[in-house]
Every structure is written in C-alpha cells, then in structure tokens.
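To keep things clear, I will list the structure first and then write my remarks on it.
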Amino acid sequence: MNYYSQEIGVEYQKINLKKVSSIWGSCSPTNCLSFNRKLVMAPHEIVDYVVIHEVAHMVHRNHGSGFWNLVKSFDPQYKYHRRWLKLNHHLLSI
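Convert by adding 973 to the 1-based position in the sequence shown; the result is the number in this note's numbering.
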C-alpha cells in the first residue's frame, strides 16, 4: 500500500478491511481505502492489482483511459489479474 501510494504520489487517509460480497475495494472521496477481507486469501499479485486499482482512483476518480493507463504502468498484467478475480472469486473464502 505504502509503496504504490508513494510511487503514484498520493496519500491515503486510512485503510479498512470489510466483509462485503460485491466489491474488492473502494476509494472514498477523502482517500479512505476499503478492501474486501477475502483478499487475504488471494495470491499476492491479485492483491497488488486491487491495491493499485484503488490507489489509482486517488488520481483518476473514474475508469477512463487515464485511469487504466496508470494501472497498467504498475501492473502490465492487470487484465489477467482482473479476469482471475472474476473467474476465481469463489475460491477466496475465510
């Protein structure tokens, strides 16, 4: 978390792990990051993808091309990681 926020040049306010069923992470307007607690069971590269995705929202508050270019610059395989979550989410249980 600290690594990516420093590399991207942003600061988050706090981090929460939550029991949620429909999202992997979120970034509030005040830069509070929340993550699905099931991510603790995911491979590290998948966790990195979700962290990068949410930290990138501190720069781009949408899913436009600038956002995806920023994500890609830190995770060139983000499309694979995103698909992995869609296909394997059922394997991540606590």
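Note that the Cβ used here is the ideal one computed from N, Cα and C, for glycine as well.
What are the partner residues of residue 991, as DSSP defines its beta bridges?
Start at 1 with the first residue of the sequence shown, and residue 991 comes out as number 18. DSSP lists 1009 as partners of residue 991.
For the structure I just gave you, are there three or more beta carbon pairs, one from the stretch 1004 to 1020 and one from the stretch 1058 to 1066, closer than 8 Å?
yes
Thinking C-beta only, is residue 1010 closer than 8 Å to residue 992?
As a position in the sequence shown, residue 992 is number 19, starting the count at 1. As a position in the sequence shown, residue 1010 is number 37, starting the count at 1. Closer than 8 Å, so yes.
Please state the DSSP three-state secondary structure of residue 978.
On the sequence shown, residue 978 is found 5 positions in, with the first residue counted as 1. Helix.
Using 8 Å as the Cβ pair cut-off and three pairs as the minimum, do the stretch 991 to 1005 and the stretch 1041 to 1054 touch?
no
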